[in-house]
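2 protein chains.
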Amino acid sequence: MSSAGAAPAAGEPARPAAREARTRLRREEIVAAAARIFATAGYHNVGMRDIADAVGIRGASLYHHFPSKEEILYAVCLSVTREPNEENLLLLDAPGTPSQRMAALVRAHLRHLHRRRVEHLVGLHELNSLAPEHRAEIDGYRRYYQRRVRDVVVAGVRTGEFRVPDARLAAFGLLDMLNGISNWFHDDGVLGLEQVVDGYVELIVGRMLGSSGPY
Amino acid sequence: MSSAGAAPAAGEPARPAAREARTRLRREEIVAAAARIFATAGYHNVGMRDIADAVGIRGASLYHHFPSKEEILYAVCLSVTREPNEENLLLLDAPGTPSQRMAALVRAHLRHLHRRRVEHLVGLHELNSLAPEHRAEIDGYRRYYQRRVRDVVVAGVRTGEFRVPDARLAAFGLLDMLNGISNWFHDDGVLGLEQVVDGYVELIVGRMLGSSGPY
DNA sequence: GTCTATATATAGATAGAC
DNA sequence: GTCTATCTATATATAGAC
Numbered sequence: 001m002s003s004a005g006a007a008p009a010a011g012e013p014a015r016p017a018a019r020e021a022r023t024r025l026r027r028e029e030i031v032a033a034a035a036r037i038f039a040t041a042g043y044h045n046v047g048m049r050d051i052a053d054a055v056g057i058r059g060a061s062l063y064h065h066f067p068s069k070e071e072i073l074y075a076v077c078l079s080v081t082r083e084p085n086e087e088n089l090l091l092l093d094a095p096g097t098p099s100q101r102m103a104a105l106v107r108a109h110l111r112h113l114h115r116r117r118v119e120h121l122v123g124l125h126e127l128n129s130l131a132p133e134h135r136a137e138i139d140g141y142r143r144y145y146q147r148r149v150r151d152v153v154v155a156g157v158r159t160g161e162f163r164v165p166d167a168r169l170a171a172f173g174l175l176d177m178l179n180g181i182s183n184w185f186h187d188d189g190v191l192g193l194e195q196v197v198d199g200y201v202e203l204i205v206g207r208m209l210g211s212s213g214p215y
Numbered sequence: 001m002s003s004a005g006a007a008p009a010a011g012e013p014a015r016p017a018a019r020e021a022r023t024r025l026r027r028e029e030i031v032a033a034a035a036r037i038f039a040t041a042g043y044h045n046v047g048m049r050d051i052a053d054a055v056g057i058r059g060a061s062l063y064h065h066f067p068s069k070e071e072i073l074y075a076v077c078l079s080v081t082r083e084p085n086e087e088n089l090l091l092l093d094a095p096g097t098p099s100q101r102m103a104a105l106v107r108a109h110l111r112h113l114h115r116r117r118v119e120h121l122v123g124l125h126e127l128n129s130l131a132p133e134h135r136a137e138i139d140g141y142r143r144y145y146q147r148r149v150r151d152v153v154v155a156g157v158r159t160g161e162f163r164v165p166d167a168r169l170a171a172f173g174l175l176d177m178l179n180g181i182s183n184w185f186h187d188d189g190v191l192g193l194e195q196v197v198d199g200y201v202e203l204i205v206g207r208m209l210g211s212s213g214p215y
């Protein structure tokens, strides 16, 4: 965006904006394919050639889009860690009681885990293979998310809607419970996503946090 | 054990039983060191030389004790997956109400996760690197454990002690919540282990499952 | 049971043509 | 932007002496 200064000349092989869009699509295509393969086989069991095969190009061509394999992993982890911070946390700022805001977050969180299931699996299991600075950045996002969730628990305790032995403990527990579904949920299982969503809202907000509603 | 048939001759350099015991100690020493390093750096970021260094021998010497690096990982995963099945599940067969048995399991589970924290981290994150047949065996143990936990939830629902929307969902949720502590608990944190244990028993048995005790 | 020395395979990354 | 060809580093694993 910031580098699109000059207007494109008429006879160029492709207008910069269009070319940029296509390049970006290619990048996202690579990230999506890599996430899928990383999630099932594990980062280190996957070669650049495997990723390239999935996109239909040769291994060396990947280096036109990413400087290293680790940068691909970073792109996978970053997207899936950022998005919940940008999307789900908005729901905590919206009007409503702590019960309502927490229920909205649980729903959004589970749906995001489902929508980007493979990316989340990578983000949960392969953080060790990130470069230290990348790892630190990802960890920062996660800690912030966690803190915001804990704050809602605290808010609910203050209003008397929630009754928990310890807000930090409850926040850790409910987040682990949410994130855990990446490891066992399958679309062809006995429970559909929306059943899990409704069940977890009840288990977490209604029971664990002790809210009597409405939410 | 089954191969210790003949009685040892007097002048042997070491009595077979003693030698076996020492060899076994060495194996366990290697497994323990490997678990520690795998947990912090990730299986594939660790070389045989790193493991050997931690034990004070050369990389090649490890192959006297294990036929491959994967077998070391398998030993780590197996020990930590078997033990809960052999120890914790006994508590589910003991006399007592479902509430009491579930509370006992939660306590034992959390204490085991703590006692063998690094091994659990490996068992949770590195399953992708196991040979298929080893992976299948580990998965089998985990599925059985999960089923037994679910059965207690079902039993509690039947007695009327527990009230949950879906027993499977509750079992998945509580197990994910329990296992999650491996990722965030530290001995030098603000909460001690027994505080977490007591808090989680309350959150899970008392609130999530809705038992009014005693447990 | 541990050592030194080394075989061997693989995979991340680069060079340069098209 | 993708290709072919190749470099190079690393690490698992083996051979055989002590």
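Line by line, the protein sequences give chains A and B. Sequential numbering from 1 applies to the first sequence in the UniProt record's numbering. Sequential numbering from 1 applies to the second sequence in the UniProt record's numbering. We treat Cβ as the ideally placed atom computed from N, Cα and C, and that holds for glycine. Everything numeric in this text was worked out from a predicted model, so none of it was measured.
Rounded to the nearest angstrom, what separates residue i and residue j at their Cα positions?
{"i": "residue 122/A", "j": "residue 49/B", "result": "27 Å"}
{"i": "residue 219/B", "j": "residue 47/A", "result": "No answer is possible for residue 219/B: the residues shown for chain B start at 1 and end at 215."}
{"i": "residue 110/A", "j": "residue 197/A", "result": "7 Å"}
{"i": "residue 41/A", "j": "residue 25/A", "result": "24 Å"}
{"i": "residue 133/B", "j": "residue 146/A", "result": "37 Å"}
{"i": "residue 174/A", "j": "residue 164/A", "result": "12 Å"}
{"i": "residue 157/A", "j": "residue 43/A", "result": "41 Å"}
{"i": "residue 129/B", "j": "residue 59/B", "result": "20 Å"}
{"i": "residue 10/B", "j": "residue 20/B", "result": "Interpretation of residue 10/B is limited by its pLDDT of 49, a score under 50 that renders its predicted location unreliable; no figure is taken from the coordinates."}
{"i": "residue 176/A", "j": "residue 183/A", "result": "11 Å"}
{"i": "residue 1/A", "j": "residue 23/A", "result": "Only weak support is given to the placement of residue 1/A: the predicted model assigns it a pLDDT of 44, under 50, and the value that follows is read from those uncertain coordinates. So the alpha carbons of these two residues sit roughly 13 Å apart."}
{"i": "residue 215/B", "j": "residue 166/B", "result": "22 Å"}
{"i": "residue 4/B", "j": "residue 28/B", "result": "Legend: pLDDT at residue 4/B = 44, less than 50; position of this residue unreliable, no value from coordinates given."}
{"i": "residue 168/B", "j": "residue 61/B", "result": "47 Å"}
{"i": "residue 152/A", "j": "residue 84/A", "result": "16 Å"}
{"i": "residue 56/B", "j": "residue 170/B", "result": "46 Å"}
{"i": "residue 135/B", "j": "residue 120/B", "result": "15 Å"}
{"i": "residue 94/A", "j": "residue 113/A", "result": "21 Å"}
{"i": "residue 211/B", "j": "residue 211/A", "result": "16 Å"}
{"i": "residue 189/A", "j": "residue 54/B", "result": "44 Å"}
{"i": "residue 161/A", "j": "residue 98/A", "result": "8 Å"}
{"i": "residue 201/A", "j": "residue 102/A", "result": "9 Å"}
{"i": "residue 74/A", "j": "residue 32/A", "result": "12 Å"}
{"i": "residue 178/B", "j": "residue 18/A", "result": "50 Å"}
{"i": "residue 34/A", "j": "residue 52/B", "result": "33 Å"}
{"i": "residue 78/A", "j": "residue 172/A", "result": "21 Å"}
{"i": "residue 300/B", "j": "residue 209/B", "result": "Outside the shown range of chain B, which is 1 to 215, sits residue 300/B, and nothing can be said about it."}
{"i": "residue 80/B", "j": "residue 36/B", "result": "13 Å"}
{"i": "residue 185/A", "j": "residue 213/A", "result": "27 Å"}
{"i": "residue 38/B", "j": "residue 124/B", "result": "11 Å"}
Would you say residue i lies against chain A (beta-carbon separation less than 8 Å)?
{"i": "residue 98/B", "result": "no"}
{"i": "residue 105/B", "result": "no"}
{"i": "residue 42/B", "result": "yes"}
{"i": "residue 153/B", "result": "no"}
{"i": "residue 47/B", "result": "no"}
{"i": "residue 208/B", "result": "yes"}
{"i": "residue 134/B", "result": "no"}
{"i": "residue 6/B", "result": "Annotation note: pLDDT 49 at residue 6/B (below 50); position unreliable, coordinate value reported separately. Chain A, which has no Cβ nearer than 8 Å to the Cβ of residue 6/B, makes this no."}
{"i": "residue 125/B", "result": "yes"}
Output yes if chain B places a C-beta closer than 8 Å to the C-beta of residue i; else output no.
{"i": "residue 129/A", "result": "yes"}
{"i": "residue 212/A", "result": "no"}
Run the proximity test for residue i: is its beta-carbon closer than 7 Å to any non-hydrogen atom belonging to the ligand ATP?
{"i": "residue 60/A", "result": "Of ligands this structure carries none, so the ligand ATP is not represented either."}
Could you give the uninterrupted runs of the alpha helix (DSSP H) lying entirely in the region 105-146 of chain A, keeping only those of 4 residues or more?
117-125
State whether the region 86-97 of chain A contacts the region 64-72 of chain A, with contact taken as three or more CB pairs (one from each stretch) at a distance under 8 Å.
no
Tell me, please, whether the region 139-155 of chain A touches the region 135-155 of chain B by the rule of three or more beta-carbon pairs shorter than 8 Å.
no
Residues in the region 180-204 of chain A having any Cβ partner in chain B nearer than 9 Å:
180, 181, 183, 184, 185, 190, 191, 195, 196, 198, 199, 200, 202, 203 and 204
Of all the alpha helix (DSSP H) runs that stay within the bounds of the region 156-214 of chain A, which reach a length of 4 or more residues?
167-179, 181-184 and 193-201
Just list the alpha helix (DSSP H) runs in the region 3-88 of chain B, keeping only unbroken ones of 4 residues or longer that don't cross its boundaries, in chain order.
16-41 and 48-55
Taking beta-carbon pairs under 9 Å, can you tell me which members of the region 158-179 of chain B lie near chain A?
163, 164, 165, 166, 168, 169, 170, 172, 173, 174, 175, 176, 177, 178 and 179
Pair every Cβ in the region 201-208 of chain A with every Cβ in the region 98-109 of chain A, then say whether three or more of these pairs are closer than 8 Å.
yes
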